[in-house]
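Per numbering that gives the first Met the number 0, the sequence shown runs over residues 0 to 90. Each remark here refers to the structure printed beneath this line.
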Amino acid sequence: MEQIVNALNLSMVDLFEDSARDFRGETSGVGSLRKSFDYRDALTGVSQEATAVMLIASEIIHSGSIKPHHYDRLRKAESLISDALAVAGGR
């Protein structure tokens, strides 16, 4: 799969940039998608963000540097995971 993505001049992380959903039940510019918090959806989102983080880490290891868009995506992952924790009653 990675070879296919590389052939398209993309990175694996590019596959996840637009699919990240705000754990408050919103996507950018769309509004509320659901009224109650679904823990299964939150865990699915956390899993997707963990995958994005691992793919970025792999790219950093291979390239030896972090690109600004990777850093931005890592910040977004941290924010979404923190939102999920907060909505679930965590810190």
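Heads up, the beta-carbon is just placed ideally off N, CA and C, and yes, glycines get one too. Being a predicted model, the structure only gives us computed values, none of them experimental.
Original post:
Taking Cβ to Cβ, would you say arginine 74 is nearer than 8 Å to alanine 51?
Top reply: no
Original post:
Residue ranges of each alpha helix (DSSP H) run of no fewer than 4 residues wholly in the segment 55–90, ordered along the chain?
Top reply: 67–86
**OP:** Specify the secondary structure class of aspartate 37 as computed by DSSP and reduced to three states.
**Re:** coil
Subject >> Nearest to alanine 76 (by Cα), restricted to the options Asp37, Arg39, Ala87, Gly44 >> reply: Gly44
**OP:** Flag this pair as yes or no: are the beta carbons of glutamate 58 and leucine 79 separated by less than 8 Å?
**Re:** no
Original post:
Do the CB positions of alanine 85 and alanine 41 come within less than 8 Å of each other?
Top reply: no
Original post:
Does the distance from the CB of isoleucine 60 to the CB of histidine 69 come in under 8 Å?
Top reply: no
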